[in-house]
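Structure first, commentary second.
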Amino acid sequence: MEANVSSRGPASTSGQETACPGRRFQVDSVSEKHDYLDSGVEAEMPAETSPNDPHEAGSDNDAKQDSGEAIPSGRRRFRVNFVSPDLPEEIPVRSMPTDWDQDDEQEEQDDSYPWNQETHSHTYYQRTFGQNTLDAVPWVDFYRQTAGACTPARPTLEQLHGEEEIEGMGFANGGRPSRTDPELGIAGAHLGAVKFGWVRGVLVRCLLNIWGVMLFIRLSWIVGQAGIGLTVAIILICSLVTIVTTLSMAAICTNGNICGGGAYYLISRSLGPECGGSIGLIFSFANAVAVAMYVVGFSETVRDLLVVNGLGIVDPANDVRIIGLITVTLLLGISMAGMEWEAKAQLALMVILLMAICDFFVGSALHPSSQQQVQGFLGYHGKVMVENMGPDFRGENFFSMFSIFFPAATGILAGANISGDLKDPQRAIPKGTILAILISSLVYIITAICIGCTIVRDAPGMLNLTDATINATNLLSTPATYTAMALFGTDHVVSKCDDAACHLGHDFSSCKVQSCSFGLMNDFQVMSMVSGFGPLITAGIFSATLSSALASLVSAPKVFQALCQDKIFPYIEIFSRGHGKGNEPIRGYALTFVIAAGFILIGELNAIAPIISNFFLASYALINFSCFHASIARSPGWRPGFHYYNQWLSLLGSIVCCAIMFVLNWLAALVTSALVLALYLYVAYSKPDVNWGSSTQALTYLQALQGTLRLASVPDHVKNFRPQCLVLTGDPRTRPALVELSLTFTHNMGLMVCGHVIKGRACYLRHAEMQTVLSKAFYTPVCAPSLRTGVQHLLQAAGLGKMRPNTLVLGFKQNWQQAPPQELEDYISTIHDAFDMNCGVIIFRLREGFDISSLLHKLDTANGQCAWWEGGDEEEDMGEESERIEDADEKLGSDKSKGEELTDKEKTQLDSSRRFGRAQSAGTIDVWWLFDDGGLTLLIPHLLTTKKKWRNCRIRIFIGGKISRIDQDRRMMASLLSKFRIDFSHIEVLGDINSRPSQCSVHAFEELIKPFQEPEEDEDVENEGNLRCSNSNGGTVNTEEEERRTNKYFENEEDPELISEDSLETYHDKTYRQIRLNELLHQHSRDASLIVITLPVARKGAVPNPLYMAWLEALSRDLPPTLLIRGNQQSVLTFYS
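Once you know that position 72 of the sequence shown is 77 in my numbering, the rest is easy, because the numbers rise by one and skip nothing.
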């Protein structure tokens, strides 16, 4: 299909463009005006393209084009005109109008417009879908996790469905800024940065690290010890472990964009910062030390060559150090030159390594020379293969051979470690790593078979000795046997020669009785001897060691840089900064160089090598476990593009890796496990401020969901009762005392939901923000027209399954005397609603009050936030929280420029509000268990004393009884408490509860309720105004204060609820009981740390609201912190097992 691309200006009216047969569309260049008009952003339109004069703007652009002047590229757009292929050439194609709005207006005025014709060329159909709407079409940038001023975002629900249109909102799909995301590895993130494909970036690096020196030096010895069969089995087992790990890694890699960090990034984003941080730190250290190990191996080889040629620097030990420091310095220079130079060096080393491998295969196919034959190389022969097929362990076993070979398989992460430098890591890492494992394993197996088919295990290596031995062996069947024994000695004359060498004309049987220096068991350089050109094998060894060292030197800083950027550990952020167009971790290179140089100088690498191997194995184990963990978490976000994995196979791979750790070196495995655990606990304790959506979070949700579903089918039992409290805290930050005390008896015991009723038809709920403030409870806000309606919603809807509130906790309404009648009605009705829903009720009264909202701005100014909300999950953290609050107080007092000083009253209120967040001094919890409510009044104080903050407080029990049965009642209660297994220090039986209260207390109560009583016609106002009586604190109640309260109570209310004389008469005894109890409380419990007393219950619809509040006021007035508790009259305690 062809396209006719025209360069006409946007206002061109000639427009006699023809559509040739077969052409389906034409492209016209347009000015930026159309782009502005499409996006709807007229305010930002340049003056020359103002919509007020479109023809002038078009003419200007046309003039520029006609004169040959180029329009700036930023102002050039293209328009597609669809053309029907059936139109003949002579029929002109309708040009695009110059003004969208004018064209639309013309269409609206023209009622006869043929909508069923020219639909492809009509303006309406030529607009891009979504260009003229606030709603956004799907766009990749909306799903990026980067944040910034220029980061595009889809419209919010408020912007889309709000009642009022938000000013300044343009079309969502108008002009989109071009942007790149360095964190996600998008092209252009670092202009000019080198990005590698799967061959140079992954395949070559993995092959260089997997082959290594194991291929040229140790493989022949393993074949000699384990035989061809077991050697192939060892290779296959190692390959199986690495393949399983790679499959798990491929699944994780293809489950989203991969940034720099390699194994650390994969594990941290899957299992969370705890596992990722611990393994990232030791993995970086392991790579840094591996640089020293590979460099020392290279240096020892160079030293041996110097010794063979009679050269040396100082002495053998120091020669290794000197050569090693020079080598690691050169490697550092290559690495710091940039990834392009490092990749070129790796390619050169790869070529040398491949030449060395080919050199061995070519040499093994050539006919061996006489010198090679006496050194054990006999060429391909079935006898040699059969002889080497089985094992011949000499001081070793299968597991030791496995532990020696397995470190060769630790190079599979070489490509993943530079994930940030790959063009497409999701495709490159799985493809390159799997192919590298298959190729390297195949080469290892073929090499092992070739070695086993051509070289015998033992050979003397001397031609004259071998020939003489053969001649002596031939004398065994002749009378000249004794002559041969006399000539060559009995050690060189054996009774029979039946090994493979004998069948090929060589007798190496002398190696059975004495040590030989050649063969698979004795010579590590047999591959050099077999090869066609021996120095090329040496070059291959150099290539293997240097490439591995170079890969580790690059991997360690890259992984460490990613770890530092996440700020998981303190004091290492200095290494997170990158330099240059490739964001190279120059400081990380320097640190790796220092570590490598230090270990080269120390020289004790044999002792630390097993630990380094275990570090790599720990990484493999966690990669496998990450895949398994993400699979069983069943998160909808787990959608890997690589499907050839199995969660149980990943789990098996993780277990096998852990087992191999102990097979290699059990002591090193213990050290590795201890380090990982210590770092894990540190990160878990420090709680870094990161959220990566790990599978740990997903599994937590799944376990909670499954546990809640299982719990829903579990029948209730009194032994398993737990207080599940709905605490009416409002904004939890404004009532810390209520929250802290409730947390004390619910933390790790039961459910706590902080209910926040926000009055209004609709409101913005900051649920996530408040939930972060409450780490030990749930925050549930609800919008409702009134408190009662909101609490009803919470009581019915809060919780899930069996995890629902069974107890309502609320603060005492301190201002009930000034509150409007409807507000008081809502408060009392809330209590009745809780009883109707079979819930217990706890009312907490604090003399100083709960609400400290007036102090919040001062606390925020001094300390940045409410200090008592920061802390860990353990009770011991409460002391630290209190210290932080004291620090806030000091700041409040000293920083006058930021906030006012606290008054004495405010300081008292602040100190009272935080008293339950710290350990209580030695004191008592006085439990006035007056009526049996099922045991909740007794259970709550018992739960308090089980917590560390209240362990210094003793429980005292107060019960009512008859004066004549005080001792009997005390023994009965002691027996009941012992059956309940509840500790107590004292039981007090009160026989005078029903005594008449003092006249002054009665009169104070009468004055309290007088503003709420129905007026009497024959009331003596003059005598009423002169009544005075001292209350319990020595104060007075005067009629002026009563009048103020009366006016407030009747304000904005036509028919408030009042207390009638009939009500006072009906509940005369209950009223006197509350007054008398207050006198007894002052007598016995005025010094208690906490008072717990049975909440009096008012009959719904019968007791006036002011009267019930007066009871609660009279009962708890001027007392220490008091809990008024009433259960739902069902047992929550039992003495049955």
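Using N, Cα and C, we set each Cβ at its ideal position, and we do this for glycine too.
Please say whether Thr250 and Gly646 have beta carbons closer to each other than 7 Å?
-> Thr250 is positioned such that its CB atom lies no closer than 7 Å to that of Gly646.
Simplified DSSP assignment, three categories, for Ala441 | helix
Minimum C-alpha distance to His991 - residue among Ser244, Ser983, Asn1110 | Comparing Cα positions, the closest option is Ser983.
Cut-off 8 Å between Cβ atoms - residues of its own chain near Tyr649, not counting five sequence neighbours on either side = Leu252, Ala255
Whole-angstrom Cβ separation of Ser1094 and Ile930, contact assumed at under 8 Å?
-> Contact between Ser1094 and Ile930 holds: their C-beta atoms lie close to 6 Å from each other, under 8 Å.
Exposure label - Leu1112; buried when at least 16 CB within 10 Å | buried
Tell me whether His991 sits in a helix, a strand or coil according to DSSP, three-state version.
-> strand
Rounded straight-line distance, which links the Cα of Asp938 to that of Gln1134 = 5 Å
Which same chain residues, not among the five before or five after Ala322, have their C-beta less than 8 Å away from its C-beta?
-> Excluding residues within five positions, the ones whose Cβ falls inside 8 Å are Gly608.
Candidates Ser780, Asn843, Trp203, His1073, of which the one nearest Gly437 by Cα = Nearest C-alpha to Gly437 among Ser780, Asn843, Trp203, His1073: Trp203.
For Asp931, the residue or residues it bridges with in DSSP | Arg961, Ile1096
Closest by CA to Gly206, which one among Asn422, Val307, Leu354, Ala297?
-> Measuring from the Cα of Gly206, the nearest candidate turns out to be Asn422.
Return helix, strand or coil for Glu589, following the three-state DSSP convention.
-> strand
Counterpart residues of Arg850 in DSSP-defined beta bridges | Answer is Thr1127, bridged to Arg850.
Mind checking whether Ala453 and Thr236 have CB atoms under 7 Å apart?
-> yes
I think Gln729 touches Leu704, with their Cβ atoms under 8 Å apart; what is that distance to the nearest whole Å?
-> About 25 Å separates the two Cβ atoms, so there is no contact after all.
Can you pull the DSSP bridge partners for Met3?
-> The structure shown has nothing for residue 3, since the chain only spans 6 to 1142.
Supposed contact pair Leu669 and Ser445 - C-beta distance, whole angstroms, cut 8 Å = Not quite, the Cβ-Cβ distance comes to about 20 Å (not below 8 Å), so this is no contact.
Give me the Cα-Cα distance between Trp821 and Ala635, rounded to the nearest whole angstrom.
-> Approximately 54 Å between the Cα atoms of the pair.
With Ile284 as the anchor, note down where its alpha helix (DSSP H) starts and where it stops.
-> 278-313
Residue of Phe366, Gly698, Gln566, Ile665 minimising C-alpha distance to Phe404 | Selected option, being the one with the closest Cα: Ile665.
Which two residues bound the contiguous beta strand (DSSP E) that contains Thr785?
-> 783-789
Proximity below 7 Å, CB of Ile233 to CB of Asn393 = yes
Give a yes or no on whether the C-beta atoms belonging to Ile339 and Glu347 are separated by under 7 Å.
-> Their beta carbons are under 7 Å apart, which means Ile339 touches Glu347 by this criterion.
Using only alpha-carbon positions, find the residue among Thr415, Gly466, Ala679 that is nearest to Ser515.
-> For Ser515, the closest C-alpha among the options Thr415, Gly466, Ala679 is that of Gly466.
Taking the alpha carbon of Cys243 as the point to measure from, which residue in Ala413, Cys211, Leu310 has its own alpha carbon closest?
-> The shortest C-alpha to C-alpha distance from Cys243 to any of Ala413, Cys211, Leu310 is the one to Ala413.
Would you identify the three-state DSSP class for Leu139, choosing helix, strand or coil?
-> In the structure shown, Leu139 falls within a coil segment according to DSSP collapsed to helix, strand and coil.
Option nearest Phe410 by Cα separation, candidates Gln431, Arg399, Gln230, Cys264 = Gln230
Contacts around Leu654, its chain only, beta-carbon distance under 7 Å, and the 5 residues preceding and following it disregarded = Val249
Cα separation between Ala506 and Phe221?
-> 24 Å
What first and last residue would you give for the beta strand (DSSP E) that runs through Cys211?
-> No beta strand (DSSP E) contains Cys211, which is instead part of the alpha helix (DSSP H) from 209-216.
Per DSSP, Ala464 is paired with what?
-> Phe523
Check Gln822 in the structure and name its three-state DSSP category.
-> coil
Is it buried or exposed for Cys1005, if we count other Cβ within 10 angstroms and need 16 for buried?
-> exposed
Is the CB of Phe523 under 7 Å away from at least one CB in chain B?
-> Checking the listed chains, one finds no chain B in this structure; it contains a single protein chain.
Terminal residues of the beta strand (DSSP E) in which Leu731 lies | 730-733
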